[in-house]
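30 is the number of the first residue of the sequence shown in this note's numbering; add one for each residue after it.
Written out below as structure tokens is the structure these notes cover.
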Amino acid sequence: MVPTFRIREAADLIGVSDDTLRRWADGGRIETTTDTSGRLAIDGAELARFACELAELGDRTDGRAVVGHSMRNRFSGLVSRVLRDTVMAQVEIQAGPHRFVSLLSREAADELGLEPGSTCCCRDQGNQRLRGDPRHPMISLRRDQPRSS
């Protein structure tokens, strides 16, 4: 099931103010819906698509960090695409202007519930760079814990 995000949560995930996101929604730039409480919300898959669009356009209005709780070598973002075959899965993550691609077993992707619009955290495993091309670091994924409402 693809999550929905309240405007403030969605704005934090894409690195803009909630006022900016509301303005874009009012202007028809991103589709909105209502959550179970009747509040304005954005479908996770739509938010992932929009985050990719923003990154491609370089359209970041306020220069804020991608997320307020970032740590060194960690990037929280939205899953924008998942390709699965019988053994492996390719997961694409949009974390603000950064796009990450991770290859993992299909079983792991299924267990993590990785679908377009879900949130996850990427961690750069810098020590892996010694064994491979430093331009393509290994990343590990974890599914973000659902926020309590």
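Just so it is clear, CB atoms sit at the ideal spot from N, CA and C, and this is done for glycine as well.
- Task: Tell me whether T65 sits in a helix, a strand or coil according to DSSP, three-state version.
- Result: The DSSP-derived three-state label of T65 is coil.
- Item | Candidates D114, L86, R51 and V116: closest to H127 by CA position | Out of D114, L86, R51 and V116, L86 has the C-alpha closest to the C-alpha of H127.
- Message: Looking only at its chain, what residues have a beta carbon closer than 7 Å to the beta carbon of L69, apart from the 5 residues adjacent to it on each side?
- Response: Excluding residues up to 5 positions away in sequence, I36, T61 and T63 lie with their Cβ nearer than 7 Å to the Cβ of L69 in the same chain.
- Item | Boundaries of the beta strand (DSSP E) in which I122 is found, first to last residue | M117 to A124 is the span of the beta strand (DSSP E), which, as asked, contains I122.
- Query: Going straight from the alpha carbon of A74 to that of S109, what length do you get?
  - Reply: Roughly 7 Å separates the two Cα atoms.
- CA-CA distance, D72 and Q119? Using only the alpha carbons, I get a separation of about 22 Å.
- Query: Taking DSSP as the reference, what is the three-state secondary structure of I71?
  - Reply: In the three-state DSSP reduction, I71 falls in the strand class (E or B).
- Message: Can you look up L112 in the DSSP assignment and give me helix, strand or coil?
- Response: Here L112 sits in strand by DSSP.
- Buried or exposed (CB count within 10 angstroms, at least 16 for buried), T33: So T33 counts as buried.
- Taking only the alpha-carbon atoms, compute the straight-line gap between L76 and L132 and give it to the nearest angstrom. Cα to Cα, L76 sits roughly 22 Å from L132.
- Item | Cutoff 7 Å; reference A54; Cβ partners in own chain excluding five residues on either side | In the same chain as A54, and ignoring 5 residues on each side of it, the C-beta atoms closer than 7 Å to its own belong to T61, in chain order.
- Message: What does DSSP give as the partner residue(s) for F26 in the beta ladder?
- Response: The requested residue 26 is not part of the displayed model; the chain covers only 30 to 178.
- Message: In whole angstroms, give me the CA-to-CA distance for D48 and L83.
- Response: It is roughly 16 Å from the alpha-carbon of D48 to the alpha-carbon of L83.
- So the alpha helix (DSSP H) R37 belongs to, where does it begin and stop? Under the DSSP assignment, R37 falls in the alpha helix (DSSP H) whose first and last residues are I36 to I43.
- Of the residues I43, E140 and S66, which one's Cα is nearest the Cα of I59? Measuring from the Cα of I59, the nearest candidate turns out to be I43.
- Message: Short of 8 Å in beta carbon distance, which residues of its chain neighbour I122, apart from the five on each side in sequence? Order them along the chain.
- Response: Here I122 has F104, G106, L107, V108, S109, R128, F129, V130, S131, C149, C151 and L170 as same chain residues with Cβ atoms under 8 Å from its own Cβ, once five neighbours each way along the sequence are excluded.
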